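Each remark here refers to the structure printed beneath this line.
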Amino acid sequence: MRTALVTGVAGQDGIYLARSLRAAGTAVVGTVAPGFGADDPRRVYLDGVDLRPLDVRDGAALEALVAAVEPDEVYNLAALSSVGRSWEEPELTAATNAAPVEHLVTALLRLRAERGHDARLFQASSAEVHGSAADSPYARAKAAADEVVRRARADHDLFAVCGVLHNHESPLRSTRFVTRKITLSAAEIALGLRDTVSLGNLDVRRDWGFAGEYVEAMRLQLAHDVPLDLPLGTGRAHSLQDLLEQAFAAAGLGEPGDRVVQDPALLRPSDTSVFVADPEPAAAALGWRAQVGFHALVEHMVRVDLERLRSGVPEAVDYLLPTGIRA
Ligand SMILES: Nc1nc2c(ncn2[C@@H]2O[C@H](COP(=O)(O)OP(=O)(O)O[C@H]3O[C@H](CO)[C@@H](O)[C@H](O)[C@@H]3O)[C@@H](O)[C@H]2O)c(=O)[nH]1
1 MRTALVTGVA
11 GQDGIYLARS
21 LRAAGTAVVG
31 TVAPGFGADD
41 PRRVYLDGVD
51 LRPLDVRDGA
61 ALEALVAAVE
71 PDEVYNLAAL
81 SSVGRSWEEP
91 ELTAATNAAP
101 VEHLVTALLR
111 LRAERGHDAR
121 LFQASSAEVH
131 GSAADSPYAR
141 AKAAADEVVR
151 RARADHDLFA
161 VCGVLHNHES
171 PLRSTRFVTR
181 KITLSAAEIA
191 LGLRDTVSLG
201 NLDVRRDWGF
211 AGEYVEAMRL
221 QLAHDVPLDL
231 PLGTGRAHSL
241 QDLLEQAFAA
251 AGLGEPGDRV
261 VQDPALLRPS
271 DTSVFVADPE
281 PAAAALGWRA
291 QVGFHALVEH
301 MVRVDLERLR
311 SGVPEAVDYL
321 LPTGIRA
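Per the numbering used here, the very first residue in the sequence shown carries number 1; after that it's consecutive.
As structure tokens, then:
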């Protein structure tokens, strides 16, 4: 049986990836933050995953885990993933998003040198590294991690790749991110639980896709015969206004209008106005294209948020797939 080590397995991508790997018969060992509780509701998604509490900033512990698990594949998904938050916590961002990659590479090179065991490394890189806000602590840390991956490949011939991920969303997103903030707010407004939603920069366009299928691209990148860094996205950008209109409509609310309030405190020191992925390299190399459209994704997220609020059940496995592609 193959074994995959997934850092940050209780995050949005970790959950989707672990389920995909398990379904393919791969054993999954996943790190969770040491504070991940026995009663954490996300456990419902992590059935069959060997969970290891570990702070990825503890490089020695991370190296020891790799040595103990002897994985065939490592997916480094643990990160402080909110660009907005990275300005508040620059040191934590660097320590979490960059330094652990060095330890993973060191551990994998040691596995090869000492035991002849070859493992492959996937690094979750970001479109942000290539945008005009590449000076954010988030983008700088991800860029440093990219460099470690490239050096491991060039200097040590390690099979190590970056997925240059564009925004990928799901009902598992935290409300720190604008999609889920909007879908939950629309659901709350529809149920009379709030009146308005406050947002920062309304003038952005993003390539928003469904996280559940991006993890398939990660797996394909590691299964490919050559190590390639690839952008992962849908190839289509939508405006924040589109997102608002779609979410409000899905909640049965009509036009957002004055229920959207702009709060200057939510603006970032710098922000890229448009991101859109080139989907062709991943299509050519891996045969992978995002299938779930923006509208189906936003509708599903709103539907799940309405259901969560009505039922009082915060997490359920049914929430993982947009209904439109369930069949
Ligand atoms: N979070 C948030 N974003 C807002 C808000 N108002 C406007 N925005 C804008 O909405 C856009 C998307 O923000 P997020 O959803 O926070 O995501 P992100 O910063 O684009 O980062 C995500 O995508 C990256 C890849 O492009 C990932 O690297 C990153 O980890 C994350 O998944 C940004 O331009 C942000 O300024 C708000 O109230 N909250």
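Using N, Cα and C, we set each Cβ at its ideal position, and we do this for glycine too. Values in this document were obtained by computation on a predicted structure and should not be read as measured data.
For V161 and P227, believed in contact at Cβ under 8 Å, the rounded distance: Taking the first residue of the sequence shown as position 1, residue 227 is located at position 227. Taking the first residue of the sequence shown as position 1, residue 161 is located at position 161. Indeed they touch by this definition, with Cβ atoms about 5 Å apart.
D50 - containing beta strand (DSSP E), residue span: By 1-based counting over the sequence shown, the position of residue 50 is 50. D50 -> beta strand (DSSP E) spans D50 to P53.
N- and C-terminal bounds of the alpha helix (DSSP H) containing Q241: What you label residue 241 is simply residue 241 of the sequence shown in a count that begins at 1. Run containing Q241: L240 to A250, per the alpha helix (DSSP H) assignment.
Counted within 10 angstroms of its Cβ, other Cβ atoms place G35 as buried (16 or more) or exposed: Position 35 of the sequence shown, counted from the first residue, corresponds to residue 35. Classification of G35: exposed, given that the 10 Å Cβ count is below 16.
Residues that F122 bridges to, as DSSP identifies them: In the sequence shown, counting from the first residue as 1, residue 122 sits at position 122. According to DSSP, F122 bridges with Y75 and V161.
Extent of the continuous alpha helix (DSSP H) run through Q12: For the purposes of this step, residue 12 is taken as residue 12 along the sequence shown, with counting starting at 1. First-last of the alpha helix (DSSP H) with Q12: Q12 to A23.
V69 versus Y214, S198 and A27, residue with shortest Cα-Cα distance: Locating residue 69 in the sequence shown gives position 69, counting from the first residue. Ranking the options by Cα distance to V69, first place goes to A27.
For R326, three-class secondary structure by DSSP: Within the sequence shown, the letter at position 326 stands for residue 326. Below a pLDDT of 50, predicted positions are generally treated as unreliable, and R326, at 48, falls in that range; no measurement from the model is reported.
Cβ-Cβ separation, R153 to A99 (assumed contact under 8 Å), whole Å: Reading the sequence shown from its first residue, position 99 is the one you call residue 99. Reading the sequence shown from its first residue, position 153 is the one you call residue 153. Not really, about 19 Å apart at Cβ, beyond 8 Å.
Beta-ladder partner(s) of P231, from DSSP: Here residue 231 corresponds to residue number 231 of the sequence shown, with the count starting at 1. The bridge partners DSSP lists for P231 are V164.
Whole-Å CB distance - S125 paired with Q12, under 8 Å assumed: Here residue 125 refers to the residue found at position 125 of the sequence shown. Here residue 12 refers to the residue found at position 12 of the sequence shown. Their Cβ separation, rounded to whole angstroms, is 16 Å, which puts S125 and Q12 out of contact at 8 Å.
Stretch pair the segment 265-279 + the segment 194-204: three plus CB contacts closer than 8 Å: yes
Whole-Å CB distance - V302 paired with A186, under 8 Å assumed: Here residue 302 corresponds to residue number 302 of the sequence shown, with the count starting at 1. Here residue 186 corresponds to residue number 186 of the sequence shown, with the count starting at 1. A Cβ-Cβ separation of about 6 Å places V302 in contact with A186 under the 8 Å criterion.
G59 - DSSP class collapsed to helix/strand/coil: Sequence index remark: in the sequence shown, residue 59 carries index 59 (1-based). In this structure, G59 counts as helix in the three-state DSSP scheme.
Check: V28 C-beta below 6 Å from any heavy atom of ligand 1: In the sequence shown, the residue the question calls residue 28 occupies position 28. Result no, Cβ not under 6 Å from ligand 1.
Sequence-distant residues of its chain with Cβ nearer than 6 Å to L338 (five each side left out): Nothing can be reported for residue 338: it is not among the residues displayed for the chain, which extend from 1 to 327.
Given 8 Å, three or more beta-carbon pairs between the segment 91-109 and the segment 129-144: yes
Stretch-stretch touch, CB-based, cutoff 8 Å, three pairs: the segment 280-296 with the segment 308-318: no
Heavy atom of ligand 1 within 6 Å of E84 beta-carbon: Counting from 1 along the sequence shown, the entry for residue 84 is found at position 84. Correcting the residue type first, residue 84 is Gly in the shown sequence and not Glu. G84 Cβ: within cutoff of ligand 1.
Helix, strand or coil at A277 [DSSP, three-state]: Indexing the sequence shown from 1 puts residue 277 at position 277. It is coil, neither helix nor strand.
Heavy atom of ligand 1 within 6 Å of A265 beta-carbon: On the sequence shown, residue 265 is found 265 positions in, with the first residue counted as 1. Not under cutoff, so the answer is no.
contact_flag[the segment 50-67, the segment 104-116] where n(CB pairs < 8 Å) is 3 or more: Yes, since at least three Cβ pairs between the segment 50-67 and the segment 104-116 fall closer than 8 Å, the two stretches touch.
Alpha-carbon spacing of V6 relative to D258, whole angstroms: Position 6 of the sequence shown, counting from 1, holds the residue named residue 6. Position 258 of the sequence shown, counting from 1, holds the residue named residue 258. Approximately 43 Å between the Cα atoms of the pair.
F177 CB to nearest heavy atom of ligand 1 below 6 Å: Counting from 1 along the sequence shown, the entry for residue 177 is found at position 177. At least one heavy atom of ligand 1 is nearer than 6 Å to the Cβ of F177, so yes.
Residues near L266 by beta carbon distance below 7 Å, same chain, minus five either side: As a working note, residue 266 is residue 266 in the sequence shown. Closer than 7 Å at the Cβ level, and outside the excluded window around L266, lie S198, L199 and G200.
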